[in-house]
Amino acid sequence: MTVIAYGAQAADRALEPMHINRRAPGAHDVAIDIAYCGVCHSDLHQVRSEWAGTLYPCVPGHEIVGTVAAVGAHVQGFQVGDLVGVGCMVDSCRHCADCEAGLENYCDGMVGTYNGPTADAPGHTLGGYSQSIVVDQHFVLRIRHPQEQLAAVAPLLCAGITTWSPLRHWQAGPGKTVGIVGIGGLGHMGIKLARAMGAHVVAFTTSESKRADAEALGANEVVVSRDAAAMAAWASRLDLIINTVAAPHDLDAFLTLLKRDGTMVLVGAPPSPHPSPQVFNLIIRRRALAGSMIGGIPETQEMLDFCAAHGITADIEMIRADQINGAFERMLKGDVKYRFVIDSATLAQAAA
Ligand code: NAP
Ligand code: ZN
Ligand code: ZN
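Below you can see the structure in the form of structure tokens.
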């Protein structure tokens with residue numbers, strides 16, 4: 001089936017409307033009419049080939065929500081009309097230790113929702129800036145939020161799970177003081193989730209103008225990271241830091257805020273490296289520096305169910321498909337509160 005999508009033909013080209021093919025659903029597939037798709041900073045990195053290996057045409061988008069349009073003969077648990085989501089992955093090997101642990105995100109055979117290998121034309125996967133998608137049932141998530149919140153659920157599929165997974169793994173909760181660095185798409189979800197888990201949340205931002213928002217999102221304290229005195233006041237006080245910043249920066253400024261045995265988890269994935277941190281900031285107080293990539297399917301469903309139960313969604317700004325290039329520029333300036341979401345109903349109009 002041919003559907004309308006928005007994507008780029010080359011790293012230095014703007015995104016434009018295009019027609020792409022979606023396979024007929026196989027026995028284990030779920031065909032989804034996409035209602036909304038969030039705009040992740042990873043979409044921008046990849047469509048502009050800031051990370052190695054982008055294949056063109058590139059149709060980004062891995063914060064997908066919509067309605068089941070058709071199911072294959074062997075699909076169990078999904079029916080036409082169900083509200084569903086698809087995140088950053090559409091396949092994996094299914095039998096390695098990572099897959100068996102429900103951590104398909106760490107499988108060597110993980111297939112990204114876009115730019116991953118597939119038998120479907122054009123030979124790499126095409127993402128959610130499109131009218132529909134066909135995905136194996138294993139990688140389809142159930143959405144239990146009310147229909148009217150659907151657009152604001154979309155960012156949970158990447159920004160939500162990417163912060164949820166390390167918060168759970170490093171046991172954020174009551175009695176823990178958790179720093180969230182960078183208040184963008186990921187960071188604003190990190191604040192909401194860490195607070196809902198019962199942690200004491202300290203938001204770190206370069207933008208004084210985000211102070212009131214950070215408090216409204218659930219931060220117990222807000223620190224402007226450009227203010228050296230304010231940073232010094234937090235020395236050796238944090239158990240865990242989730243660092244979402246999308247650009248290289250001084251990691252030592254944050255490592256020194258960790259308590260003994262505290263961990264800073266890098267989830268931001270800048271195209272060029274951070275300056276190497278000082279070893280002494282790690283060895284004194286036995287601090288750790290770690291990374292984390294999205295999350296597995298079971299923990300993504302756990303996060304979605306937790307958010308439905310606690311009434312948690314993203315703070316979004318809805319855009320038309322033809323506003324995507326301007327939205328990328330605004331995201332680079334940190335000018336988004338706090339996630340752009342494409343209304344997929346505008347794709348047809350953009351292509352007309
Ligand atoms: P975003 O909405 O653009 O937010 C990034 C935030 O970082 C900004 O809002 C800003 O917050 C802060 N920042 C400070 N200095 C910056 C600078 N020089 N350039 C850019 N941002 C700066 O991005 P996002 O969608 O949350 O994604 C953040 C990063 O995580 C990206 O690199 C993305 O590729 C990566 N990511 C990783 C995973 C994973 O699995 N590990 C998953 C998704 C995304 P303040 O204004 O508060 O300082
Ligand atoms: Zn993402
Ligand atoms: Zn595997």
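Counted from 1, the sequence shown has number 177 at position 177 by this note's numbering; the numbering is strictly sequential.
By construction, the Cβ of each residue, glycine as well, lies at the ideal position given by its N, Cα and C atoms.
In this structure, the CA atom of glutamine 137 is about 8 Å from the CA atom of phenylalanine 78. Counting along the chain, the unbroken alpha helix (DSSP H) around threonine 163 starts and ends at 159-169. Taking the Cβ of cysteine 88 as the reference point, at least one heavy atom of ligand 2 falls within a distance shorter than 7 Å. Assigned with DSSP and collapsed to three states, aspartate 12 falls in coil, not helix or strand. Excluding five sequence positions before and after leucine 289, the CB atoms of its chain that fall closer than 6 Å to its own CB belong to Met264, given in chain order. Using a cutoff of 7 Å, the CB of methionine 293 counts as near ligand 1, since one of the ligand's heavy atoms is closer than that.
Secondary structure of tyrosine 106 (DSSP, three-state): helix.
Histidine 74 has its CB no nearer than 7 Å to any heavy atom of ligand 2.
The alpha-carbon separation between aspartate 305 and glycine 291 amounts to approximately 25 Å. Apart from sequence neighbours up to five positions away, the residues of its chain that approach arginine 195 with a beta-carbon distance below 6 Å are Val201 and Gly218, ordered along the chain.
Judged by their CB atoms, alanine 269 and histidine 45 are nearer to each other than the 8 Å cut-off. When secondary structure is reduced to three states using DSSP, glycine 296 falls in the coil class, being assigned neither helix nor strand.
Of the candidates Pro57, Ile316 and Ala212, the residue whose Cα lies closest to the Cα of aspartate 343 is Ile316. Around the beta carbon of methionine 318, a 10 Å sphere encloses fewer than 16 other beta carbons of the protein chains shown; the residue is thus reported as exposed.
The beta carbons of arginine 339 and glycine 175 sit no closer together than 8 Å.
Membership of methionine 318 in the beta strand (DSSP E) is indicated by the continuous run 316-319.
Contact check for valine 181 against asparagine 281 fails: the beta carbons are separated by 8 Å or more. Sequence-distant partners of lysine 192 (beyond 5 residues in either direction) whose C-beta falls short of 7 Å from its own C-beta, in its chain, are Leu217, Gly218 and Ile312. Straight-line spacing of the CA atoms in tyrosine 56 and asparagine 115 works out to 8 Å. Proximity of the stretch 57-67 to the stretch 155-171 meets the contact definition, three or more beta-carbon pairs being nearer than 8 Å. Judged by beta-carbon spacing, valine 39 lies beyond the 8 Å limit of isoleucine 20, meaning their Cβ atoms are not closer than that value.
Annotation for alanine 35: no alpha helix (DSSP H) segment contains it, though the beta strand (DSSP E) segment containing it runs 29-38. When distances are taken from the beta-carbon of glycine 175 to the heavy atoms of ligand 1, even the shortest one reaches 7 Å or more.
With distances taken between CA atoms, proline 271 lies nearest to Val245 out of Val135, Cys307, Ala345 and Val245. Taking 3 residues as the minimum length, the beta strand (DSSP E) runs contained wholly in the stretch 88-157 are 89-91 and 132-136, in order along the chain. For secondary structure counted as the alpha helix (DSSP H) over 4 or more consecutive residues, the stretch 207-265 holds these complete runs in sequence order: 211-217, 228-232 and 252-255. The three-state reading of DSSP puts isoleucine 191 in helix, counting H, G and I together. Your pair alanine 214 and alanine 203 checks out as a contact, with CB atoms roughly 4 Å apart and the cut at 8 Å.
As the crow flies, the alpha-carbon of serine 276 is around 8 Å from that of leucine 251.
The residue among Ser92, Thr118, Pro117 and Thr113 with its C-alpha nearest the C-alpha of tyrosine 106 is Ser92. In terms of Cβ geometry, serine 132 and alanine 35 do not form a close pair [threshold 8 Å].
Relative to valine 90, the option among Asp120, Ile143 and Val80 whose CA is nearest is Asp120. Between valine 267 and threonine 125, the gap from beta carbon to beta carbon reaches 8 Å or more.
With respect to the C-alpha of aspartate 12, the residue from Cys37, Ile294, His28 and Glu50 having the closest C-alpha is Glu50. Burial state of valine 71 is buried, judged by a 10 Å Cβ sphere holding 16 or more other Cβ atoms. In the structure shown, leucine 282 adopts helical secondary structure according to DSSP, grouped into three states.
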